[in-house]
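There are 4 protein chains.
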Amino acid sequence: MIKVGIVGGTGYTGAELLRLFAQHPQARVTLLTSRKEAGQRADAMFPHLRGHCELSFSAPDPEALAACDAVFFATPHGTAMQMAPALVARGVKVIDLSADFRLRDPAVFQSWYKLEHSARELLAEAVYGLPEVHREAIARARIVANPGCYPTAVQLGLLPLLKAGAVDTGHIVADCKSGVSGAGREAKIGSLYGEVADSFKAYAVPGHRHGPEILQGVADIAGAPVAVTFVPHLLPQFRGIHATLYARLTRPVDNLQRLYEQAFVGEPFVDVAPAGDHPETRGVRGGNTCRIAVHLAPDRQTVVVLSVIDNLVKGASGQAVQNFNLMFGLDERLGLQAPPLAP
Amino acid sequence: MIKVGIVGGTGYTGAELLRLFAQHPQARVTLLTSRKEAGQRADAMFPHLRGHCELSFSAPDPEALAACDAVFFATPHGTAMQMAPALVARGVKVIDLSADFRLRDPAVFQSWYKLEHSARELLAEAVYGLPEVHREAIARARIVANPGCYPTAVQLGLLPLLKAGAVDTGHIVADCKSGVSGAGREAKIGSLYGEVADSFKAYAVPGHRHGPEILQGVADIAGAPVAVTFVPHLLPQFRGIHATLYARLTRPVDNLQRLYEQAFVGEPFVDVAPAGDHPETRGVRGGNTCRIAVHLAPDRQTVVVLSVIDNLVKGASGQAVQNFNLMFGLDERLGLQAPPLAP
Amino acid sequence: MIKVGIVGGTGYTGAELLRLFAQHPQARVTLLTSRKEAGQRADAMFPHLRGHCELSFSAPDPEALAACDAVFFATPHGTAMQMAPALVARGVKVIDLSADFRLRDPAVFQSWYKLEHSARELLAEAVYGLPEVHREAIARARIVANPGCYPTAVQLGLLPLLKAGAVDTGHIVADCKSGVSGAGREAKIGSLYGEVADSFKAYAVPGHRHGPEILQGVADIAGAPVAVTFVPHLLPQFRGIHATLYARLTRPVDNLQRLYEQAFVGEPFVDVAPAGDHPETRGVRGGNTCRIAVHLAPDRQTVVVLSVIDNLVKGASGQAVQNFNLMFGLDERLGLQAPPLAP
Amino acid sequence: MIKVGIVGGTGYTGAELLRLFAQHPQARVTLLTSRKEAGQRADAMFPHLRGHCELSFSAPDPEALAACDAVFFATPHGTAMQMAPALVARGVKVIDLSADFRLRDPAVFQSWYKLEHSARELLAEAVYGLPEVHREAIARARIVANPGCYPTAVQLGLLPLLKAGAVDTGHIVADCKSGVSGAGREAKIGSLYGEVADSFKAYAVPGHRHGPEILQGVADIAGAPVAVTFVPHLLPQFRGIHATLYARLTRPVDNLQRLYEQAFVGEPFVDVAPAGDHPETRGVRGGNTCRIAVHLAPDRQTVVVLSVIDNLVKGASGQAVQNFNLMFGLDERLGLQAPPLAP
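Chains as they are written, first to last, in the UniProt record's numbering: chain A, 1 to 343; chain B, 1 to 343; chain C, 1 to 343; chain D, 1 to 343.
Here you go:
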């Protein structure tokens with residue numbers, strides 16, 4: 001059994017890691033840290049885990065963490081870059097669900113996160129954990145930066161078009177919608193039921209932290225800069241991201257559907273929906289699948305891509321488990337095979 | 001008291017007309033027709049109207065309708081074009097909430113609604129009921145085609161940019177999201193709670209009936225054809241439309257906020273949100289306001305407009321009452337002044 | 001115009017007072033206090049009030065409050081009992097939406113609210129603001145204790161049975177369900193969307209603060225102690241209380257429907273639903289109505305009463321305006337006549 | 001591999017059977033019938049099953065069904081009693097999720113379901129599939145009547161009190177709340193999003209079909225008639241039943257918590273919550289657990305039991321799989337071990 005530690009297990013992504021590892025046949029969570037909740041059982045905070053997780057939170061202890069084979073950071077930004085270097089040095093594989101190791105340029109990191117990066121060497125080494133793009137590097141990595149939720153949906157949705165060089169990379173629109181779980185399990189007015197339910201709005205139009213991550217990722221895929229206007233919106237639901245992507249063809253593409261199907265052949269967690277389909281977020285609720293449909297708009301020139309994920313799974317903890325499997329040479333699908341729950 | 005008849009009062013827009021007229025000081029609904037529900041009290045079907053409406057449904061009767069001063073059609077497509085000509089001929093003012101009189105070109109109507117238009121003369125005379133564009137013509141009209149919900153949000157959101165000739169009219173994106181009330185009060189699987197709640201999806205990407213209406217409307221505003229890629233989405237909520245509009249500037253605009261504020265000066269039902277704001281659909285729930293915010297994307301070249309309405313009010317019944325007020329020379333705001341209900 | 005002040009206007013009941021007074025023809029809110037938000041416009045916090053309220057919050061100032069004709073306390077417990085005595089002494093009428101003046105016995109107050117009562121004289125004078133029971137006293141009162149939300153639904157639901165002496169007062173069950181707005185607009189984990197949506201639970205089964213208020217109220221109505229087992233539950237919705245009340249008949253009642261209709265004849269805000277009806281909370285959403293249906297269970301001996309209110313209106317701010325109207329000799333319905341919003 | 005057939009797989013319980021069997025290591029669904037949808041793939045109707053179920057619906061064919069080892073009926077009432085006798089005669093084990101074999105007395109069945117029972121011999125043989133009460137009989141049964149959702153939550157919640165003979169069986173109240181999935185996947189106005197969301201109501205107070213099933217079940221447990229006033233309510237959520245049960249103690253019970261824990265020792269799918277807990281429906285969402293908390297009301301005499309299930313799992317398809325496991329001598333938990341999904 002591979003021994004897994006989770007730092008910061010009191011949020012939604014921590015709880016998802018516990019849920020997913022409860023179904024993993026070759027790994028077991030043995031350590032779960034939270035300074036604030038030390039001593040409390042995890043299933044007292046998350047009753048759906050009763051009978052599936054016997055752990056209690058403990059205060060983070062470097063020795064105990066170093067005794068794990070892998071450590072996941074499900075922490076706010078700024079923690080992983082403090083603690084990861086020592087763990088990696090002691091041979092622990094690290095998967096960071098926070099943003100600390102996502103942006104390669106520390107200056108860009110600092111301008112968006114208002115923190116100086118304190119682990120630049122490790123940052124240089126970290127692999128961006130989008131398996132559909134960086135599978136081999138992930139398998140060899142000591143530390144993986146697990147992608148953000150919006151960037152996952154957007155990059156996978158655009159990948160076939162960018163690889164094919166078929167669209168105008170100067171003007172892509174990514175209109176993205178997320179359930180409120182993306183805002184975390186923090187007591188703030190904006191996340192109250194009374195503020196979120198039965199309403200819809202955009203936010204952060206002038207600039208969102210996932211913007212630079214998207215630009216970095218699509219440039220990696222395209223091999224050149226790509227301009228994406230990214231606007232996030234808040235959905236009155238808990239889980240789910242829907243990215244609606246608009247790109248203009250620069251040349252005729254024979255068969256968009258086939259382009260997409262071929263781009264993702266063999267991918268266990270990307271499902272190209274049947275031609276003409278409009279995927280729903282609930283169709284992947286609780287599952288690690290990114291489901292993508294591709295359409296041509298009535299003008300016959302604008303490609304409209306619909307890309308849906310469960311932001312807590314493929315957009316966070318599920319992708320983290322997928323990366324974990326790759327890093328340990330396991331079948332990529334372990335722990336991730338239960339069907340989604342719908343409706 | 002102006003006598004009002006409503007044809008087809010069993011849907012959500014019919015119920016909204018009853019709610020709004022209950023607060024109208026100079027008009028009273030005197031006739032409410034439904035072939036299927038004839039004899040039933042309206043407040044038995046819509047208990048929130050108990051104490052506010054004593055009417056029962058009756059089978060549609062031409063004489064009784066002709067005795068009204070104004071008749072609203074809250075019917076599926078195809079009914080108003082059958083019944084309106086006789087009413088107009090007898091001096092009854094008609095406000096049609098269906099699509100029958102929205103598209104000026106009967107061939108376009110036929111291609112989208114699969115019905116031959118049976119009232120072409122009246123169609124030629126009908127005024128498109130968007131007061132912010134056609135106020136004077138509405139005031140003189142015998143028949144008003146009340147705009148669709150998406151087209152209302154999109155046209156008002158784009159109006160200042162189009163009038164200013166400031167954006168590339170070849171490539172505008174209108175990513176629109178609607179609550180499920182837009183689908184009406186019809187027993188169909190797709191509108192079940194179990195199919196709508198806690199999920200989000202696009203629909204009709206290859207083409208939606210509101211597409212040609214939008215194109216006709218923005219061309220009227222711009223004085224030339226405008227290309228809009230329109231994609232509708234279904235929100236897990238009952239009321240509300242949020243249009244996110246993307247347009248590229250063709251010349252520097254000094255002050256987008258001021259451009260918007262000046263474009264709507266004096267408009268009682270368009271509220272330009274404070275600079276930097278992200279309007280929520282619930283902020284206009286139950287009200288006739290269209291609230292609009294304008295942003296510049298991080299690329300400094302793409303204008304992002306956020307336009308929200310209650311699809312049943314400014315997107316349907318409220319705008320219909322506004323048109324009614326204009327047609328009868330009343331203060332445009334009568335019956336429409338109660339604050340929205342939020343949260 | 002009657003000048004109204006609101007102390008603590010940043011919560012949901014404060015916002016509701018602003019919404020309701022925006023429609024009141026004879027009163028105007030002239031003062032709105034919040035220490036924390038002083039200087040901010042109310043409509044920046046509550047965008048649905050844009051165009052309906054020009055006020056900004058100000059720090060509470062005794063002189064400014066004393067210049068009002070009436071002051072509403074929409075504060076947490078403990079504030080009104082500090083500030084009300086001086087206001088009453090200066091001739092300001094006070095309506096307290098908090099619990100400070102609801103429980104006549106200061107010892108009971110202290111045991112449930114963990115605060116010693118600091119205004120016992122005023123407490124002795126305060127009138128419990130349930131108009132259907134204490135209308136005349138309210139009209140003469142200098143200070144009114146606005147009832148709690150659950151107690152309003154329960155007392156009105158039981159009133160006809162208790163007045164008729166028709167049920168076993170030793171064993172009444174009040175199974176009550178409330179939308180989350182009852183928990184206020186406070187940043188706490190338990191009120192997050194992620195904790196409330198798509199789930200249902202009971203809370204405070206061993207004892208809830210509204211328990212003693214219910215017992216006091218039903219005893220007043222019955223003229224003797226009544227035992228009520230009260231269990232509150234949290235609904236995944238924002239507004240609405242549904243009380244399901246179970247009482248055993250001690251003697252045959254000829255016609256329960258008529259008993260209820262007669263008990264509430266002339267009441268502007270109690271609506272006895274048609275026989276056999278099952279009222280929905282949304283049927284009173286935004287309105288001041290308490291709608292009640294009465295049934296006999298299949299055992300022909302247990303009366304089941306269904307009593308619904310909007311907890312923020314008849315259960316709080318609407319009832320407060322109703323009390324205000326009574327205290328100032330106005331038509332009880334002023335400001336409260338707009339139809340509910342449904343769906 | 002045990003071969004499983006499902007008759008009527010287009011509803012929510014049918015889809016749940018497919019979801020659960022996708023995780024079952026020793027059984028496989030090989031036949032899925034629907035007259036109406038014959039030819040369509042199941043995952044086209046239920047996209048969350050893409051990648052987990054390759055089956056298409058076929059028209060029901062007696063020979064194909066007889067080739068299965070077990071057949072589940074996920075049909076409306078009246079179908080199973082037509083088809084089950086022939087299947088049982090040919091050695092196929094039958095689990096009926098409809099009501100056809102739940103009520104032992106065919107006259108009671110007929111009075112509630114308005115159908116004459118056409119399989120009285122098989123009815124006499126059928127075992128009521130509540131494993132916590134009838135485990136041994138289920139293991140030997142040829143046909144199992146899978147319990148209704150409300151009856152499951154109520155019976156399990158009352159079981160310890162009834163077995164202990166500790167409460168007044170003359171006056172028990174079962175105030176029950178269910179998500180809308182209990183109404184099935186049928187196109188009807190009452191199940192529309194617009195009719196269910198953001199609202200709450202009771203229904204069928206004068207009598208509900210699960211009433212007689214509850215009375216039969218609790219009498220079996222108690223060994224004598226028990227009077228239960230059962231009132232169902234509709235929650236604005238998809239999954240979940242919460243039964244709040246009120247019973248009066250007839251003698252002091254030392255330790256209610258221990259009484260409950262001991263009553264369910266060893267039960268894999270009944271979880272007695274920690275003392276003082278208030279279980280949430282989402283804590284069992286997607287899982288087969290019935291979670292129960294027991295409290296004493298402030299009067300120290302009324303026991304309040306909170307019993308929650310996922311109505312589609314422990315209240316339908318999960319319990320059906322549990323019964324299937326028992327009938328085939330398998331570990332009762334197979335296919336049912338994935339953690340619930342929350343939030």
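All residues carry an ideal CB built from backbone N, CA and C; glycine is no exception.
If we cut at 7 angstroms on Cβ distances, does residue i have a partner in chain B?
i, result
"Ala99/A", "no"
"Val167/A", "no"
In chain C, which residues lie less than 9 angstroms from residue i when you measure between Cβ atoms?
i, result
"Phe238/A", "Tyr193, Gly194, Ala197 and Asp198"
Please go through the same chain and pick out, in chain order, the residues whose beta-carbon is closer than 7 angstroms to the beta-carbon of residue i, but skip the five residues on each side of it.
i, result
"Trp112/D", "Arg209 and Pro212"
Leaving out five residues before and five after residue i in sequence, what residues of the same chain have Cβ atoms less than 8 angstroms from its Cβ?
i, result
"Arg142/B", "Val88, Lys93, Val94 and Glu125"
"Leu162/B", "Thr169, Val218, Ile221, Ala222 and Val226"
"His278/C", "Ala293 and Leu306"
Nearest to residue i by CA position, among the options, is which residue?
i, options, result
"Arg185/D", "Asp175/D, Ala74/D, Ala66/D and Ile292/D", "Ala74/D"
"Arg35/D", "Phe57/D, Gly51/D and Phe324/D", "Phe57/D"
"Ala273/D", "Ile309/D, Tyr246/D and Leu18/D", "Ile309/D"
"Ile138/A", "Asn323/A, Leu336/A, Gln337/A and Ala27/A", "Asn323/A"
"Ser98/A", "His134/A, Ala183/A, Tyr193/A and Phe200/A", "Ala183/A"
"Val305/A", "Leu130/B, Gln110/B, His278/B and His233/B", "His233/B"
"Leu312/D", "Val265/D, Arg19/D and Gly266/D", "Arg19/D"
"Cys68/A", "Gln301/A, Val29/A and Phe328/A", "Val29/A"
"Met327/C", "Ala204/C, Gly91/C and Asp175/C", "Gly91/C"
"Lys201/A", "Ala197/B, Tyr203/B and Cys176/B", "Cys176/B"
List the residues of chain C whose Cβ lies closer than 8 angstroms to the Cβ of residue i, in chain order.
i, result
"Pro279/B", "Pro47"
Residue i CB to nearest chain A CB: under 7 angstroms?
i, result
"Lys114/B", "no"
"Gly207/B", "yes"
"Asp175/B", "yes"
How would you list, in chain order, the residues of chain C whose beta-carbon sits under 7 angstroms from the beta-carbon of residue i?
i, result
"residue 373/B", "With chain B covering 1 to 343 only, the question about residue 373/B has no answer from this structure."
For residue i, which residues from the same chain have a beta carbon less than 6 angstroms from its beta carbon, with the 5 sequence-adjacent residues on both sides left out?
i, result
"Leu115/C", "Gly78"
"Arg41/C", "Ser56"
When the cut-off is 7 angstroms and only beta carbons count, does residue i lie next to chain C?
i, result
"Lys188/A", "yes"
"Thr302/D", "yes"
"Pro298/D", "yes"
"Val180/A", "yes"
Run down chain A in chain order and give the residues with a C-beta less than 9 angstroms from the C-beta of residue i.
i, result
"Arg185/C", "Ile189, Leu192, Gly194 and Glu195"
Strictly below 8 angstroms CB to CB, what residues from chain B border residue i?
i, result
"His52/C", "Pro339"
Within 10 angstroms of the Cβ of residue i, are there 16 or more other Cβ atoms? Answer buried if so, exposed if not.
i, result
"Ser118/A", "exposed"
"Met1/B", "exposed"
"Ala247/D", "buried"
"Asp331/D", "exposed"
"Pro343/C", "buried"
Determine whether the Cβ of residue i lies closer than 7 angstroms to any Cβ atom of chain D.
i, result
"Val253/B", "no"
"Arg258/C", "no"
Mind listing the chain D neighbours of residue i? Cutoff is C-beta to C-beta under 7 angstroms, in chain order.
i, result
"Arg135/A", "The premise fails here: Arg135/A is roughly 19 angstroms from chain D at the closest Cβ pair, so nothing lies under 7 angstroms."
Examine chain E for any beta-carbon lying closer than 7 angstroms to the beta-carbon of residue i, and answer yes or no.
i, result
"Arg19/A", "In the structure shown, chain E does not exist; the protein chains are A, B, C and D."
Please list the partners that residue i has in chain B, where partner means a Cβ-to-Cβ separation under 9 angstroms.
i, result
"Tyr203/A", "His278"
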